[in-house]
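If you're matching them up, the sequences are chains F and S in order.
For the first sequence, my numbering assigns the number 1 to the initial residue and increments by one for each residue that follows.
For the second sequence, my numbering assigns the number 415 to the initial residue and increments by one for each residue that follows.
Yeah, the Cβ is synthetic: ideal placement off N, Cα and C, and Gly gets one too.
To start, the structure under review is shown below, and the notes come after it.
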Amino acid sequence: MWRRYGDAIYTLVTFAVFGFETIALGVLSISFLLGRTSGIASTPVEGVLLATLTSTASALALLGFFLLGYHFTSSLRDRWHVEQLDVWTERWIGLALEDTPAEQIADSPMPRRLPRAAVDAVLSLLEVVKGDEGDRLKAVLARHGVDRLLLRHLRSGHLTARLDAIESLGKARLPQAFDALLSLLEHPKPVVRRMAVRAAAGTLATMTPEPGPEGPGGRFTQALKGASLQSGVAQESLLLLETRAGAVLRDLLAEPDLGDRLRWVVLETTGRLGLADMAGEVASSTTHPDPELRAAAFRALHRLGSVPEDAQASLLDALKDEVDFVRVQASHAAAFLPAEVALPALEPGLGDDSWWVRRAAAAAMARLGDDGVATVRRAAETHPDQAAREMAVQILLEAGALDPAAARLVKGVA
Amino acid sequence: METLRPKDARILVVDDERVNVVLLERILEQDGYTNVRSTTKSEQAVALYDEFEPDLILLDLHMPGLDGFAVMERLEDRIASDTFLPILILTADIRPEVKRRALSAGAKDFVTKPFDRTEVLLRIQNLLETRFLHLRLRPELASEGQAT
Numbered sequence: 001m002w003r004r005y006g007d008a009i010y011t012l013v014t015f016a017v018f019g020f021e022t023i024a025l026g027v028l029s030i031s032f033l034l035g036r037t038s039g040i041a042s043t044p045v046e047g048v049l050l051a052t053l054t055s056t057a058s059a060l061a062l063l064g065f066f067l068l069g070y071h072f073t074s075s076l077r078d079r080w081h082v083e084q085l086d087v088w089t090e091r092w093i094g095l096a097l098e099d100t101p102a103e104q105i106a107d108s109p110m111p112r113r114l115p116r117a118a119v120d121a122v123l124s125l126l127e128v129v130k131g132d133e134g135d136r137l138k139a140v141l142a143r144h145g146v147d148r149l150l151l152r153h154l155r156s157g158h159l160t161a162r163l164d165a166i167e168s169l170g171k172a173r174l175p176q177a178f179d180a181l182l183s184l185l186e187h188p189k190p191v192v193r194r195m196a197v198r199a200a201a202g203t204l205a206t207m208t209p210e211p212g213p214e215g216p217g218g219r220f221t222q223a224l225k226g227a228s229l230q231s232g233v234a235q236e237s238l239l240l241l242e243t244r245a246g247a248v249l250r251d252l253l254a255e256p257d258l259g260d261r262l263r264w265v266v267l268e269t270t271g272r273l274g275l276a277d278m279a280g281e282v283a284s285s286t287t288h289p290d291p292e293l294r295a296a297a298f299r300a301l302h303r304l305g306s307v308p309e310d311a312q313a314s315l316l317d318a319l320k321d322e323v324d325f326v327r328v329q330a331s332h333a334a335a336f337l338p339a340e341v342a343l344p345a346l347e348p349g350l351g352d353d354s355w356w357v358r359r360a361a362a363a364a365m366a367r368l369g370d371d372g373v374a375t376v377r378r379a380a381e382t383h384p385d386q387a388a389r390e391m392a393v394q395i396l397l398e399a400g401a402l403d404p405a406a407a408r409l410v411k412g413v414a
Numbered sequence: 415m416e417t418l419r420p421k422d423a424r425i426l427v428v429d430d431e432r433v434n435v436v437l438l439e440r441i442l443e444q445d446g447y448t449n450v451r452s453t454t455k456s457e458q459a460v461a462l463y464d465e466f467e468p469d470l471i472l473l474d475l476h477m478p479g480l481d482g483f484a485v486m487e488r489l490e491d492r493i494a495s496d497t498f499l500p501i502l503i504l505t506a507d508i509r510p511e512v513k514r515r516a517l518s519a520g521a522k523d524f525v526t527k528p529f530d531r532t533e534v535l536l537r538i539q540n541l542l543e544t545r546f547l548h549l550r551l552r553p554e555l556a557s558e559g560q561a562t
């Protein structure tokens with residue numbers, strides 16, 4: 001982007017130049033027309049032509065000078081901005097790292113209205129540091145009214161100003177902006193909802209926990225539940241909650257009327273974050289009528305590395321599910337059942353029509369200790385289905401339980 | 415000659431954001447670390463490593479050009495297998511798989527931005543203590559190796 005400053009001047013000059021040229025060319029065209037119809041002598045036409053050319057050249061020269069001047073001043077301004085950023089960064093770091101309570105920061109001499117570089121510097125630092133140092137920097141923003149200004153911009157009619165404000169509040173993570181950001185989750189524009197939920201999640205991650213539906217976590221849960229967000233956006237926002245994610249995910253899973261798409265996101269995120277203490281909540285979705293959700297629940301249990309006792313029956317049922325990707329995920333999760341329960345239930349999976357199910361079943365069995373490896377080895381040698389034998393051999397090789405020379409001797413595998 | 419006092423440790427900071435580099439330098443200085451070098455150009459990280467021989471590297475993951483993973487990959491050949499050189503990752507990327515990938519690529523610890531100063535300093539201190547314990551044990555391990 002070559003034009004960063006002086007939008008108004010640029011627009012005005014461009015308008016003036018092209019307006020001037022349009023008028024001149026219009027006069028020329030009309031003169032030609034009149035010349036044809038009323039026999040105007042060529043000399044005045046030439047005069048108009050010359051004037052037009054001269055004016056065009058002057059206008060282009062003016063535009064050229066403006067562009068050159070613009071680039072020159074822009075680079076000067078950029079350099080100055082970077083210098084100012086450095087100056088303010090040093091100043092804010094000094095302030096953030098000193099052992100002064102946030103309330104006493106008001107005593108330090110500062111301009112009443114912070115320049116742009118000062119605000120940019122403090123926001124950049126708030127992206128990096130939290131805790132006492134972050135609180136001191138937030139106090140600076142509050143003292144100079146930057147928080148109020150950003151909140152006002154959140155209601156701006158200009159989308160750019162609004163998005164800038166959301167981005168800045170996302171960096172600043174100001175608790176006083178939390179509810180305003182949540183209210184934007186109902187905004188008709190997806191980009192606003194997306195940026196707002198990220199900013200709100202980041203803010204919640206730094207807020208003091210308050211249990212209950214009226215607390216910030218509860219308000220976030222309700223706003224997320226009602227928001228129309230893409231799955232990836234919702235998942236990202238849940239990851240941004242950091243240590244607060246568990247409480248919000250638990251609240252969301254407890255919602256009886258949680259939408260299927262959000263439930264899928266919650267199950268995925270719980271698994272990705274490895275929140276093992278939530279296996280019980282995850283298990284409740286293993287019997288969901290939607291196969292995508294059943295599969296997500298088993299995938300999450302696999303990632304959590306645990307299958308609660310009351311989910312064992314549904315897992316064993318799922319190994320015979322009519323949908324193959326549910327059988328795949330259930331097979332993976334079965335690696336966390338007791339071997340004596342899992343092995344007989346997984347063995348039929350070796351002969352499944354789906355290559356993925358065969359692979360998942362064999363891999364899960366190989367993870368079930370010596371008994372599991374012995375069962376896979378037996379399948380490699382004696383299973384009536386060649387596809388099952390091949391898969392068993394492959395898994396044993398990958399697990400290091402079979403050397404390649406021995407694999408060649410296994411019947412049915414060349 | 416190896417440095418054995420944690421506060422004398424050589425610390426290399428690699429982060430493309432100047433603000434982050436300055437902040438980390440100040441935090442380390444304030445905590446008494448006197449031997450800190452930094453760069454905002456990840457391409458210089460390997461050369462700086464060769465020249466400075468750091469005891470600890472603070473590394474950002476997402477950088478233009480060479481990212482943190484590529485830097486770790488290039489450093490891998492230079493770090494002897496019997497050396498414990500801690501790499502502490504500082505990143506805003508909160509995805510668990512990124513954390514796993516970084517740790518398996520050679521990082522020893524992981525701090526998410528925005529970070530808490532106390533937490534970062536504690537992690538740095540722990541990593542350096544481990545580094546120096548390892549350095550102290552090295553001659554013994556070497557003589558044991560020769561004996562066997």
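Hey, quick one: how far does the beta strand (DSSP E) through residue i stretch, first residue to last?
i              : result
residue 474(S) : 470-474
residue 228(F) : Careful: residue 228(F) lies outside any beta strand (DSSP E) and carries neither H nor E.
Just to make sure I have the definition right: I need the residues of chain S whose C-beta is within less than 7 Å of the C-beta of residue i. Which are they?
i              : result
residue 93(F)  : 436, 437 and 440
residue 125(F) : 433 and 437
residue 282(F) : Result: empty, since nearest Cβ-Cβ is about 16 Å, beyond 7 Å.
For residue i, which residues in the same chain have their Cβ closer than 6 Å to its Cβ, ignoring the five residues on either side in sequence?
i              : result
residue 414(F) : Residue confidence for residue 414(F) is low, a pLDDT of 41 falling below 50, so the modelled location carries little weight; the figure read from the coordinates is stated next. Cβ neighbours of residue 414(F) beyond the five flanking positions: none.
residue 84(F)  : 117
residue 121(F) : 85, 88, 89 and 92
residue 150(F) : 165, 168 and 169
residue 152(F) : none
residue 24(F)  : 52 and 55
residue 399(F) : 366
residue 351(F) : 385 and 388
residue 251(F) : 221
residue 471(S) : 426 and 501
From the DSSP output, which residues share a beta bridge with residue i?
i              : result
residue 529(S) : 129(F)
residue 583(S) : The structure shown does not extend to residue 583(S), since chain S is modelled only from 415 through 562, so no value can be given for it.
residue 524(S) : 503(S)
Would you kindly report the start and end of the unbroken alpha helix (DSSP H) that includes residue i?
i              : result
residue 331(F) : 324-333
residue 441(S) : 432-444
residue 344(F) : 339-346
residue 194(F) : 190-206
residue 314(F) : 312-318
residue 280(F) : 279-283
residue 563(S) : Residue coverage of chain S in this structure runs from 415 to 562, which leaves residue 563(S) outside it and unanswerable.
residue 381(F) : 369-382
residue 564(S) : Residue coverage of chain S in this structure runs from 415 to 562, which leaves residue 564(S) outside it and unanswerable.
residue 477(S) : Premise fails: residue 477(S) is in no alpha helix (DSSP H) and is neither H nor E.
residue 251(F) : 245-254
residue 276(F) : Neither: residue 276(F) is in no alpha helix (DSSP H) and is coded neither H nor E.
I'd like the list of long-range same chain contacts for residue i, defined as Cβ closer than 7 Å, with 5 residues on each side in sequence excluded.
i              : result
residue 536(S) : none
residue 37(F)  : Note that residue 37(F) scores 47 on pLDDT, short of 50, meaning its location in the model is unreliable; the coordinates nonetheless yield the value given after this. Nothing listed; no residue qualifies.
residue 343(F) : 365, 368, 371, 372 and 375
residue 305(F) : 276 and 336
residue 380(F) : 389, 392, 393, 396 and 410
residue 558(S) : none
residue 384(F) : none
Within a Cβ cutoff of 8 Å, which residues of the same chain sit near residue i, ignoring the five residues on either side of it in sequence?
i              : result
residue 293(F) : 260, 263, 264, 267 and 285
residue 326(F) : 291, 294, 295, 298 and 318
Strictly below 8 Å CB to CB, what residues from chain F border residue i?
i              : result
residue 508(S) : 239, 240 and 242
Are there any heavy atoms of the ligand HEM lying less than 7 Å away from the beta-carbon of residue i, as far as the coordinates show?
i              : result
residue 535(S) : This structure simply doesn't include the ligand HEM, nor any ligand for that matter.
Using a Cβ cut-off of 9 Å, pull out every chain S residue sitting near residue i, in sequence order please.
i              : result
residue 138(F) : Near residue 138(F) there are no residues of chain S at all, since even the closest Cβ is about 11 Å away, more than 9 Å.
residue 97(F)  : 437, 440, 441, 444 and 531
residue 170(F) : Chain S residues near residue 170(F): none, gap ~11 Å exceeds 9 Å.
residue 272(F) : 509, 510 and 511
residue 89(F)  : 432, 433, 436 and 437
Please compile the residues from chain F whose C-beta is within a distance smaller than 9 Å of the C-beta of residue i.
i              : result
residue 532(S) : 131 and 132
List, in order along the chain, the chain F residues whose C-beta lies closer than 7 Å to that of residue i?
i              : result
residue 478(S) : Those do not exist, as residue 478(S) stays about 17 Å from chain F at its closest Cβ, beyond 7 Å.
residue 522(S) : Near residue 522(S) there are no residues of chain F at all, since even the closest Cβ is about 20 Å away, more than 7 Å.
The region 421-428 of chain S / the region 384-399 of chain F touching (three or more Cβ pairs under 8 Å): The region 421-428 of chain S, when compared against the region 384-399 of chain F, does not touch it at the 8 Å Cβ threshold.
Segment contact, 8 Å Cβ cut-off, at least three pairs: the region 493-510 of chain S with the region 447-456 of chain S: Touching, no.
The region 476-486 of chain S touching the region 452-463 of chain S, judged by at least three CB pairs closer than 8 Å: Enough Cβ pairs lie closer than 8 Å, so yes.
Cβ pair count under 8 Å reaching 3, the region 194-210 of chain F against the region 169-178 of chain F: Verdict: yes, contact present.
Touching by the beta-carbon criterion (3+ pairs, under 8 Å), the region 180-197 of chain F and the region 209-225 of chain F: Yes, the region 180-197 of chain F is in contact with the region 209-225 of chain F.
Inter-stretch contact at 8 Å, needing at least 3 Cβ pairs: the region 343-352 of chain F / the region 313-327 of chain F: Per the Cβ contact rule, the region 343-352 of chain F is in contact with the region 313-327 of chain F (3 or more Cβ pairs under 8 Å).
Cβ pair count under 8 Å reaching 3, the region 422-436 of chain S against the region 67-81 of chain F: Segment contact: the region 422-436 of chain S against the region 67-81 of chain F, fewer than three CB-CB distances shorter than 8 Å; contact not assigned.
Meets three-Cβ-pair contact criterion under 8 Å: the region 182-189 of chain F and the region 205-214 of chain F: When Cβ pairs closer than 8 Å are counted between the two stretches, the region 182-189 of chain F is seen not to touch the region 205-214 of chain F, the count staying below three.
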